[in-house]
Every structure is written in structure tokens, then in C-alpha cells.
Amino acid sequence: PDTSTRVVRREVEVTMASPQQGLESPYNGVRRMRTPIAGGLIFLTTAYFAAVRLLRDSGAYLKPADEFCEKSDGQQQEPCSRPDLFAFQISSGFAIFYVGWVGFKTWYISRNVHRNLPNTPEGRLFGWLPESDQIAAANLTFQVWDFVISLLIPEHCSALFLTHHFMAAVVSWFSLHYQVLHYYGIYFLGLTEVSSIFLVVIDLGRYFPPESGTLFAHIVGICQPAFLVSFFWYRVAMWWVISWRLWSDVLTVTGNGRAEKLRPGKTFVLKYVYLPFNILLGLLQLHWFRFIMEETKKVVFGHEMPDHSQGTE
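Residue numbers for the sequence shown follow the numbering used here, beginning at 7 and rising by one.
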């Protein structure tokens with residue numbers, strides 16, 4: 007075949023739901039992944055409520071910090087048990103570790119996101135990658151679950167938390183349903199969660215302060231600088247580098263008509279969902295990083311346990 011035929015064939019291959027599925031529509035990714043999504047929701051919910059049930063009277067051996075043991079009248083509960091906080095950290099840790107690991111592996115180790123997607127705006131925006139399907143499905147599952155469970159936990163039921171979960175869920179749903187941004191999904195929905203892996207441990211130590219010199223205290227001490235560095239690198243510095251390429255790619259394919267050809271009637275997803283949400287979520291990262299730096303100063307100069315749990319998961 008001539009060059010033009012090969013180019014068209016390659017463009018068709020890039021837009022398929024899977025190279026092994028012939029000319030199947032790239033749409034309805036949520037339906038394709040409905041089983042792992044349902045399974046993930048069941049697993050996270052079961053793990054959470056099972057832990058809450060098993061640890062309902064755990065105050066004697068799993069003592070929360072005093073600030074998490076106050077009644078509405080300001081008096082401390084005795085004995086105090088907060089199985090909901092412990093159950094949330096453990097349950098969410100499973101999901102965060104999974105998406106963070108798949109993102110890290112795909113970006114750095116297998117490098118499939120760089121090797122298997124065409125290095126073009128069309129390839130990065132419309133190419134299919136199985137790891138991106140997995141990450142989008144897992145992140146959609148986690149954000150929906152997190153939104154609902156956060157309504158049950160006073161420390162997590164805040165406008166900032168819920169707004170973040172809503173936006174992340176919407177981005178994940180569109181990415182999966184319309185098969186778009188599989189290159190960028192590896193970064194924004196997967197790799198950025200590497201910092202949250204360390205945050206899970208830090209927050210667990212904040213809710214349930216470890217005794218000085220214990221193994222858990224040392225682990226928390228290691229996770230604190232790891233979180234600071236990884237958050238800055240993935241959610242602040244590189245966030246805007248990758249975002250610049252995202253904006254460039256979107257403006258290119260919407261300007262030359264390629265987006266409408268490859269995703270007829272779906273260009274609104276790029277222009278009116280991903281680009282605005284990219285800016286809003288990026289600004290949230292800057293807000294959180296400013297807060298993290300303020301808390302870090304308190305640790306350095308005041309020897310306090312930092313509070314990083316302002317919606318950064």
C-alpha cells in the first residue's frame with residue numbers, strides 16, 4: 007500500500023478499543039470494564055466496613071490522637087476508638103497503591119506509554135493502551151467510593167475533598183468511556199498518585215501517632231520527605247510540563263479537524279472537560295503544596311507531626 011493508505015490504517019488502529027478487537031467502537035469503555043469496576047467497589051466497601059466492625063472497640067491498642075477524639079461539646083471520649091479513620095486509610099491504600107504502581111511501571115519500567123502509542127497529538131489523545139484502561143477504571147472506582155465514604159467521616163467531608171473526588175471521577179469516566187487521553191491518563195490518573203502512597207502512611211501516623219523509636223515511627227519519618235519530594239515533582243513541577251503538551255495537542259487536533267474525524271461529536275470532552283479540569287486540578291495542587299510547605303516548616307522548627315490531609319489524595 008502507498009504511504010497515504012498506511013497513514014490512514016495506522017490512524018484507524020490507534021482509535022480502536024483494542025488492536026485485537028478489529029473495528030470495534032472505541033466508545034463504551036465503562037461497559038467493557040464494568041466487572042472490575044463493580045468488583046473494586048465491592049472490595050473497597052467490604053474492606054472498609056469489615057475493618058470498622060473489627061476495630062470498633064480498639065481504643066486500648068489503637069489510640070487516636072486527642073484531636074480526633076472530641077465530642078460535640080468539646081470533651082474527649084474515654085476510651086476513644088476511631089476505626090473509621092483507620093479503615094479508610096487501609097482501604098484507600100489498596101486503590102492508591104494500585105494506580106500509582108501501574109502508572110509508575112508503565113511510565114518508567116515497561117515504558118509502554120512511550121513505546122506503544124504514536125508520538126503524535128492523535129496518538130497521545132486517542133491511542134489505546136490497556137494500562138490506561140486499568141488506571142481509569144481503578145481511579146473511577148476509587149473516586150466514587152471515596153466520595154461516598156467521605157460523607158461518613160467528618161475529617162474527610164469537606165467541600166475541597168468532595169470537589170476533588172468529583173472532578174477526578176469525571177475525568178476518569180470520560181477517559182474510559184470515550185477512550186481519550188490514554189497517554190495523559192497514565193500520568194495524571196496514575197503516576198501522580200505515587201505521592202499519595204506516602205501520604206497514606208503519613209496520615210495513618212497523624213491519626214494514630216506512633217511511639218518514638220518504633221518501626222512505624224521510622225517508616226513515617228521516611229515517608230514524610232518522600233511525600234514532599236514526590237508531590238512537588240509529580241503534582242507541581244511536572245504537572246505543568248505535561249499540561250503544556252496536553253493543551254498543545256488538544257488545540258492542534260481541534261484546530262485541524264482531526265479530533266472531529268477520530269471522535270465525531272465528542273470534541274467537547276477535550277475542550278470543555280479536560281482542559282478546564284486540568285487547570286482547576288493544577289491550581290488545587292499549588293494550593294495543597296503551599297499548605298504542605300507551611301506544615302513542613304512547623305515540623306522543621308516546631309517538631310510537630312505534619313498535617314498533609316487536605317484533599318491531596
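Glycine residues also receive a C-beta, built at the ideal position from the N, C-alpha and C atoms.
- The C-beta distance from Pro89 to Leu61 rounds to 4 Å, short enough to meet the 8 Å contact threshold.
- Of the candidates Thr198, Ala223, Gly219 and Ile192, the residue whose Cα lies closest to the Cα of Val207 is Ala223.
- For the pair Glu128 and Trp134, the Cα-to-Cα distance works out to about 11 Å.
- When the Cα atoms are used, Gly261 and Trp253 turn out to be separated by approximately 12 Å.
- C-alpha of Gln140 to C-alpha of Phe194: approximately 13 Å in a straight line.
- Val186 carries a coil assignment under DSSP once its states are collapsed to helix, strand and coil.
- Around the beta-carbon of Leu205, 16 or more other beta-carbon atoms lie within 10 Å, marking it buried.
- A straight-line Cα-Cα distance of about 15 Å links Asn145 and Phe167.
- Closest by C-alpha distance to Phe283, out of Phe307, Trp245 and Lys303, is Trp245.
- About 19 Å separates the CB atoms of Trp151 and Leu287; that is not less than 8 Å, and the two are not in contact.
- Between the alpha carbons of Ser98 and Ile228 lies a gap of roughly 20 Å.
- For the 9 Å CB-CB criterion, Tyr33 and Tyr190 do not form a contact.
- Given a length threshold of 3 residues, the region 284 to 310 has no whole run of the beta strand (DSSP E) inside it.
- Of the other Cβ atoms in all chains shown, 16 or more fall within 10 Å of the Cβ of Asp255; this residue is therefore buried.
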